[in-house]
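In our numbering, the protein residues as written are -12 to 372.
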């Protein structure tokens, strides 16, 4: 089955993105254009002044004109004009070959300035495909808990909901009316004229429902999803999301670039710290609601940091837009990819460090180009004059 054709295919989108990035101007390119705009009239003025001075000291018209033409010929404004766009074009092309798509030249330039990398946990650091590990019924039996959980979570897009649906394939579901997603908390809905909730500890606390202490599970990197009616706790289903195979190595590569790596998650402190420790991350921000992620990025920027945000979900979109540079995992949602400045076509975090190295190399190349353009002209023009 052809899901997308023509302009809508992934290949067409990649080609379009690379073309747009190669054709766009980075801030450093605009600076070079301004300099070139001043350079040309200055060189013409120097040529004219050289002609006048040689005529004044007694040389004939032919000699003086020769000098003026020499100044114009030896000057090289094209070196200034080409120094940046050629490097940008090569940089974005090389990035595409690595599976890193820069949407514009500005993102390629800005990336070399970042000093802080904020990583979303689920789907970015971790595989994003958690699996159910424990069933902990309380006031109902295990089968009833699974029926209620499966009925509620069937309407949710959360990765943990998908884990529950995978686990409860053979379980019959009941009809849910007035279903509602509670962002950063969980879900709720009415089953057989009774309202049920499924979500995290924060949701249960807000409902005033007492739940057992399952903090020991967090030490194993597991996350409990609590289920309750309006009046009582009925049980929990525990799931775990494991690190991607290359996450530890990717984090190490970022730290070797002297970047402060931060993990941002809605999970509780213990679960968050466990995953972070496994990945080798020391700076963790936990219990963050989706709506608050952009606020965390803003605070880091207010503290003087240049922030790269890496995420894959719908709830990462505001943070991706707020960050100095937003980077979306290619396997993520369309909203995240649309909101980001850079898209990683693969599902690997190792490309983050590669993209930063590419940005640094491109900007270094541009500066070298500009230096030699200035050096050549500064040396050549006076000699010609």
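For glycine and all other residues, C-beta sits at the position ideal for the given N, C-alpha and C.
Keep in mind that this is a model prediction, so the values were computed, not measured.
Cβ shell of residue i (< 6 Å), same chain only, five flanking positions each side left out
i           : result
residue 346 : 95, 98, 99
residue 166 : 142, 176
residue 220 : 125, 196, 198
residue 85  : 341
residue 276 : 171
residue 213 : 191, 198, 223
residue 37  : 54, 55, 58, 372
residue 324 : 315, 330
residue 137 : 155, 158, 160
residue 305 : 281
Selected residue, minimal CA-CA separation from residue i, among the options
i           : options            : result
residue 177 : 163, 235, 185      : 163
residue 216 : 232, 139, 270, 257 : 139
residue 283 : 303, 269, 264      : 303
residue 376 : 190, 161, 168, 189 : The structure shown does not extend to residue 376, since the chain is modelled only from -12 to 372, so the question has no answer here.
residue 310 : 131, 270, 292, 263 : 292
residue 35  : 51, 342, 349       : 51
residue 352 : -7, 77, 27         : 77
residue 189 : 170, 326, 159, 128 : 170
residue 264 : 281, 206, 107      : 206
residue 343 : 296, 135, 158      : 296
residue 150 : 240, 327, 38, 121  : 121
residue 247 : 186, 200, 102, 278 : 102
residue 268 : 108, 66, 68        : 108
residue 183 : 132, 153, 201, 228 : 132
residue 67  : 370, 367, 368, 360 : 360
residue 243 : 88, 104, 46, 350   : 104
residue 22  : 369, 290, 358, 174 : 358
Proximal residues to residue i (C-beta, below 7 Å), its chain only, five neighbours per side dropped
i           : result
residue 364 : 62, 63
residue 204 : 211, 225
residue 273 : 252, 254, 255, 256, 259
residue 27  : 64
residue 129 : 122
First through last residue of the beta strand (DSSP E) which encompasses residue i
i           : result
residue 216 : 209 to 216
residue 314 : 312 to 316
residue 118 : 118 to 124
residue 88  : 87 to 89
residue 331 : 329 to 331
Where residue i falls: helix, strand or coil (DSSP)
i           : result
residue 162 : coil
residue 182 : strand
residue -8  : coil
residue 297 : strand
residue 365 : helix
residue 45  : coil
residue 174 : strand
residue 276 : coil
residue 287 : helix
residue 336 : coil
Neighbourhood of residue i by C-beta, 8 Å cutoff - its chain only, sequence neighbours within 5 removed
i           : result
residue 193 : 172
residue 266 : 112, 230, 234, 235, 238, 250
residue 48  : 42
residue 334 : 231, 316, 317, 318
residue 337 : 233, 236, 237, 240
Endpoints, the alpha helix (DSSP H) within which residue i is located
i           : result
residue 106 : Premise fails: residue 106 lies in the beta strand (DSSP E), 103 to 107, not in any alpha helix (DSSP H).
residue 308 : 304 to 309
residue 60  : 48 to 61
residue 146 : 146 to 154
residue 193 : 188 to 194
residue 132 : 129 to 140
residue 94  : 92 to 97
residue 204 : 202 to 205
Inset, instruction - Scan the stretch 216 to 273 and note each continuous beta strand (DSSP E) run of 3 residues or more that stays entirely inside, going in chain order. - result: As far as the stretch 216 to 273 is concerned, its whole beta strand (DSSP E) runs of at least 3 residues are 220 to 227, 247 to 251, 270 to 272.
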